[in-house]
Every structure is written in structure tokens, then in C-alpha cells.
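Report on one structure; see the data block that follows.
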Amino acid sequence: MTIQRRGNPKVPDANGIEKKIKRGNALRQASAWRVSRGSLLVVVVALAVVGTLTWLYLASGDPYTTETLVRQAEVVAQTRVYTVDCSEDYENYKRYPGCTPKTCGRAVTDNSVTREEAMALRRLAERGLALAGSDGGASILDLHSGALSMGKQFVNIYRYFGEQITDVFSEEDFRLYREVRGRIQAVIAETFDLDPSLLYLTKPTFFSRINSTLAKTQHDEYWHPHIDKVTYGSFDYTSLLYLSDYGTDFTGGRFIFMDSNGNRTVEPRAGRVSFFSSGSENLHRVEQVSWGTRYAITVSFTCDPAHAISDPAMPITSV
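If you want it as C-alpha cells, here you go:
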């Protein structure tokens, strides 16, 4: 048999092999990138969904709230009243005709305190609370008693800072505070048909600053449900003057009325006054603030003159 020779087999070019290897690597890398990019896309989409759901949860606030009585964007020019049946709480205390609640409820007005006055009071609160503040998320400043949150405790600003307090507050600050307190008292008396001369300021009455910092002590846990008449005894009417805006300055932090047939809320607005009879007909709590800072003043009133307190005044300093 004759074997026909076709010449020497061709030896592949080394450069060609290298090029093919590089091309193969490139194709594999491209394929891997497509897989990786697909996986990354899935992760990004998942994170976006989680982020959206989280935002919706935070934006919606308390998931058990069934009705918003007043929204932040509304302006309540005429006092809006929501009547509820009075509880039996007041039967456990001495009754004061012309003052003890006969008609109970909750009300809201944006017409007693101007936005400019609310901003001035907020600046007062910011200056005072800048002196110290709680380690947790809730700090208070009480101009009546001088109580100020400091770390995990409280100090008396008038004794602790002495004459330096005149560098923080002015007589104009205290005058505005007294005027606003008087207007709040007047609108409560008018709304509940009371004799305003039989309604007295009582303690505690204070500025509050709340943010999302984790609570360090029980004083920072402002969100627990409670009844003012049960907690404090002297309270007959409670009011809150908001100094910042829900949705702009903070989220969460809404005041929640906990009724048997569902929760109801009022969204804070600077200059808005929300007030109510203090018995268990108005069981309530405050949502936890999720971001930002919420400023407000709690102003409380009693029918019992034995629990009355005076308006705060600028401390007298020695010359």
C-alpha cells in the first residue's frame, strides 16, 4: 500500500493560540458579567422594594390609626370639636361646678397662636435645651420648676446656671409664654363652656424635644399609652401647642387617641393647639419619632385651686 504524504502537519501559531485563549476568557468574562449583572439587578430591585415598603411604613406611621382628625396641611380657622362621652374618672375627685367636665371631648384650633409666635417659642426651647438635654430621645424644659433634662437625670436650670440664665432667656420670652398660655386657657374655657376664672394652670407644664435617639431611661419612653387624669391626678384639661411640622421637621410623633372603635390622630403643625378633657375618655399615646425633631409645649389645667401654679417669671439676679 502506498501512503500518500500530504506534507508536514501545520504547527499552530503560538500567537494564534494566545489570541484564542484571550478571546475565550473574554467570552467567559462577558458571560459571567451577564450573570453577575443579572444577580446584581435582582439585589437592586429587592433593595428598592424593601426601601419603598420601609418608607411607606414610616410615612404611614401608626398602622392601627383608623382616622386622621386633622392633617398637617389643613388650617383650622374655627375650633374643631369632637365630643366623646365623659368617663367616670371625675367621680373619684371633688367636683368643681363651672369647671369639672360635664361635656368631654377633644378639639383642635390653628387660630389661637400664630406661626410666628410658635417659631419664637421654638427658638426659646432650642436655646434652653441646648444647655443640656437627655441622653435618650426625649428632653424636657419646664420654665415653672426649672427642670431640664441632663443626661439621664434632671437639673434645675435656675440654680445650676445661676445668673448665666439671663444670657439664654429674656423677659420677652417669658411675656410671650404667658400670653400664649392665657390664650390657650381662654379657648379651652370657651370650647368646654367653663368659667375661665375657675380654671388654673397646673404642673407639669413643659417644652418637649423628641427625636429618634434610642431611649436610655424610662423618662425617654414617651410612647406608652396613658390617661392624664390617672397619671397626674390634678389634670382636668390637657393641651399641646406644636412648634414644628409633621412631615417636614419630623415623621412619626403624632398624637394618638386610642378609642375602643379605632385610633384617631392629629398631625402636628407649628402654631396648632390640640386640647382635650383629661379623663380615660381620652386614652392616648405619642408615636415614636422616626426621623427629625419634634418640638411642642404641654400646657395643663386643673379645676382644683390647691394644685394651681403661677406663670413662670424671669429670675431676679443680683447686681
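Per my numbering, numbering through the sequence shown is continuous, rising by one, with the last residue being 588.
For every residue, glycine included, the Cβ atom is placed at its ideal position computed from N, Cα and C.
All of these numbers come straight from a predicted model, not from anything done at the bench.
- Within the stretch 421–457, the complete beta strand (DSSP E) segments of 3 residues or longer fall at 422–425, listed in chain order.
- With a cutoff of 9 Å on beta-carbon distance, Gly561 and Ser508 are scored as not near each other.
- Per DSSP, reduced to three states, the secondary structure at Pro465 is helical.
- Of the residues Thr378, Phe461, Ala539, the one whose Cα lies closest to the Cα of Ala387 is Ala539.
- The three-state reading of DSSP puts Pro574 in helix, counting H, G and I together.
- In this structure the stretch 553–572 lies against the stretch 507–523, because at least three pairs of beta carbons, one per stretch, are closer than 8 Å.
- In the structure shown, His493 falls within a coil segment according to DSSP collapsed to helix, strand and coil.
- DSSP, read as helix, strand or coil, puts Asn361 in helix.
- Bounds of any alpha helix (DSSP H) do not take in Ala539, whose DSSP letter is neither H nor E.
- The three-state secondary structure of Val382, taken from DSSP, is coil.
- Rounded to the nearest whole angstrom, the C-alpha separation of Tyr501 and Pro473 is 9 Å.
- Spatial neighbours of Val345 in its own chain (CB-CB distance under 8 Å, excluding positions within 5 residues in sequence) are listed in chain order as Val339, Val377, Thr378, Asp379, Asn380, Arg541.
- In the pairwise beta carbon analysis, the stretch 475–489 is classified as touching the stretch 403–413: at least three pairs are separated by under 8 Å.
- Separation of the CB atoms of Met583 and Glu440 is rounded to 5 Å, and the pair is thereby assigned contact status at 8 Å.
- The straight-line gap separating the alpha-carbon atoms of Gly548 and Thr352 is approximately 13 Å.
- Apart from sequence neighbours up to five positions away, the residues of its chain that approach Thr486 with a beta-carbon distance below 7 Å are Gly405, Lys421, ordered along the chain.
- At the C-beta level, Tyr491 and Pro370 stay beyond 9 Å of one another.
- Here the C-alpha atom of Phe423 lies approximately 15 Å from the C-alpha atom of Ala484.
- Apart from sequence neighbours up to five positions away, the residues of its chain that approach Arg384 with a beta-carbon distance below 6 Å are Ala539, Gly540, ordered along the chain.
- Between Ile525 and the set Val568, Leu390, Leu552, the nearest pair of CA atoms involves Leu552.
- Excluding residues up to 5 positions away in sequence, Pro465, Leu468 lie with their Cβ nearer than 6 Å to the Cβ of Ala458 in the same chain.
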